[in-house]
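Take a look at the structure set out below.
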Amino acid sequence: MRYRRLGNSDLQVSEISLGSWLTYGVGVEADQARACLDAAFDEGINFIDTANVYGRGAAETFLGEALAGRPRDSYVLATKLYFPMSDTDRGLSRAQVEKQLEASLRRLRTDVIDLYQCHRYDRETPLEETMEALTRTVDSGKVRYLGFSEWPADRIQAALELPNVARFVSSQPQYSLLWREPERDVIPLCAANGIGQIVWSPLGQGVLSGKYHPDRPLPPGTRATSEEMGGFMDRLLQRPVLEAVQRLKPLAAEAGLTLPQLALAWVLREPNVASAIIGASRPSQVVENCGASGVEVDPELFARAEAIIEEALEPA
Ligand SMILES: NC(=O)c1ccc[n+]([C@@H]2O[C@H](COP(=O)([O-])OP(=O)(O)OC[C@H]3O[C@@H](n4cnc5c(N)ncnc54)[C@H](OP(=O)(O)O)[C@@H]3O)[C@@H](O)[C@H]2O)c1
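The opening residue of the sequence shown carries number 0 in numbering that gives the first Met the number 0; numbering runs sequentially from there.
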């Protein structure tokens with residue numbers, strides 16, 4: 000496993016990290032979830048991403064238990080706030096930052112979050128209020144670094160221009176061969192300002208593994224067939240996308256990689272990406288995906304992969 004510095008922070012994060020959306024505490028059995036986490040540490044993953052809203056606290060509670068036996072300085076722990084935790088608890092107001100941080104610390108059984116992220120931008124709260132509240136979490140020692148997820152470029156810029164507040168070090172956008180939106184504004188802006196990307200759904204929720212064949216039924220035991228986990232995949236399961244992904248298989252073979260490894264290596268070719276946050280429902284996926292760290296792929300092969308996907312995603 001290789002490690003990269005996260006933005007301007009002193010955090011060294013593994014190129015492949017492990018997330019917990021839909022999976023741990025929710026759709027994946029606890030024993031299996033624990034086995035995934037163990038496999039992650041065995042493979043050199045040192046970076047774990049979660050959020051208060053994943054399973055409305057259940058993912059953090061699972062991780063709090065599962066990580067309890069490990070030295071706290073042996074991993075980098077990231078969580079998030081913003082999405083509703085109850086009918087009245089949501090957003091990035093000063094009161095919510097204070098309340099949600101305490102709740103996350105309790106569930107995660109720790110006294111410090113390494114990376115505290117705003118899950119989305121909160122248009123109901125003045126940016127100054129959010130940034131001042133976040134700065135206090137850093138000053139108090141309960142948070143080491145700050146990040147955001149899916150903030151529009153103009154809001155990132157506005158936060159950068161505020162005086163006397165802590166600086167963001169990370170951005171968490173969706174990024175994969177199937178979703179290249181961050182390349183337009185967010186990556187250039189972040190790269191110029193010491194902010195690194197930790198990217199979500201780098202495998203398109205499993206679609207970029209090639210296991211969803213356009214002419215065959217959805218394979219049982221996959222996210223797409225799961226009642227608890229499969230609700231966000233419609234865009235990804237369209238026939239042109241699935242056909243294009245099948246056409247990537249020979250390219251992966253040419254590179255000497257599996258298709259998930261090729262898809263992850265593609266994400267990691269971008270120097271502003273510090274880590275690709277994978278999900279995993281079984282340990283073998285963790286092991287396979289970690290094989291993408293440190294591989295060299297000919298840029299011309301990546302260009303061919305991009306062209307195949309671009310053609311499929313073009314509006315008809
Ligand atoms: N900031 C945000 O708004 C946001 C949003 C979404 C996610 N995230 C973060 O990003 C993390 C990753 O998101 P994601 O789970 O969508 O990522 P992903 O890595 O694109 O998809 C993960 C899923 O793909 C399947 N898979 C993984 N490796 C595979 C392999 N080698 N072969 C075949 N199938 C494989 C597994 O599902 P099955 O085995 O069940 O098919 C796995 O749960 C989340 O856990 C979360 O921490 C953040």
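C-beta atoms are modelled at their ideal positions from N, C-alpha and C, and glycine is treated no differently.
Cβ shell of residue i (< 8 Å), same chain only, five flanking positions each side left out
i: L267; result: E14, A275, A291 and S292
i: R89; result: Y81, F82, P83 and Q95
Cβ neighbours of residue i in the same chain (closer than 7 Å, five flanking residues each side left out)
i: S208; result: L202, L258 and P259
i: A190; result: N271
i: A165; result: L133, T134, V137 and L145
i: W265; result: L176, F301 and A304
i: T221; result: G205 and K210
Buried or exposed by the 16-neighbour rule on C-beta atoms within 10 Å, applied to residue i
i: N45; result: buried
i: A252; result: exposed
i: R106; result: buried
i: Q99; result: buried
i: A67; result: exposed
i: P181; result: buried
i: G140; result: exposed
i: P162; result: exposed
i: G255; result: exposed
i: P172; result: buried
i: S103; result: buried
i: E42; result: buried
i: D113; result: buried
Separation of residue j from residue i, as counted between CA atoms
i: V168; j: D214; result: 43 Å
i: P218; j: T124; result: 44 Å
i: R119; j: V296; result: 33 Å
i: P369; j: Q156; result: Any property of residue 369 remains undetermined from this structure, which presents the chain solely from 0 to 315.
i: F231; j: V185; result: 23 Å
i: E309; j: D233; result: 18 Å
i: A65; j: V27; result: 14 Å
i: L261; j: L5; result: 22 Å
i: P83; j: L300; result: 43 Å
i: M228; j: A132; result: 33 Å
i: Q284; j: G205; result: 10 Å
i: P70; j: V294; result: 29 Å
i: D110; j: Q11; result: 20 Å
i: I194; j: L159; result: 10 Å
i: V142; j: A152; result: 24 Å
i: V75; j: E287; result: 22 Å
i: R108; j: R55; result: 16 Å
i: E316; j: V244; result: Look at the range of the chain in this structure, 0 to 315, and you will see that residue 316 is not part of it.
Contact set for residue i: own chain, Cβ-Cβ below 6 Å, skip 5 residues either direction
i: R238; result: P213
i: P377; result: Since the first residue shown for the chain is 0 and the last is 315, residue 377 is missing from the structure and cannot be characterised.
i: Y23; result: A32, A58 and F61
i: C117; result: Y81, L91 and F147
Original post:
Is the region 82 to 100 in contact with the region 127 to 134, if contact means three or more CB pairs nearer than 8 Å?
Top reply: Of all C-beta pairs linking the region 82 to 100 to the region 127 to 134, three or more are shorter than 8 Å, placing the two stretches in contact.
Original post:
Is the region 291 to 306 touching the region 56 to 66, taking contact as three or more C-beta pairs under 8 Å?
Top reply: Not touching, per the Cβ criterion.
Original post:
Are the region 18 to 25 and the region 273 to 289 touching by the rule of at least three beta carbon pairs closer than 8 Å?
Top reply: Inter-segment contact for the region 18 to 25 and the region 273 to 289 is present: three or more beta-carbon pairs are separated by less than 8 Å.
Original post:
Does the count of Cβ pairs from the region 234 to 249 and the region 136 to 152 closer than 8 Å reach three?
Top reply: Put simply, the region 234 to 249 does not touch the region 136 to 152. Fewer than three CB pairs are less than 8 Å apart.
Original post:
Between the region 193 to 201 and the region 31 to 45, do three or more beta carbon pairs fall short of 8 Å?
Top reply: In this structure the region 193 to 201 does not lie against the region 31 to 45, because fewer than three pairs of beta carbons, one per stretch, are closer than 8 Å.
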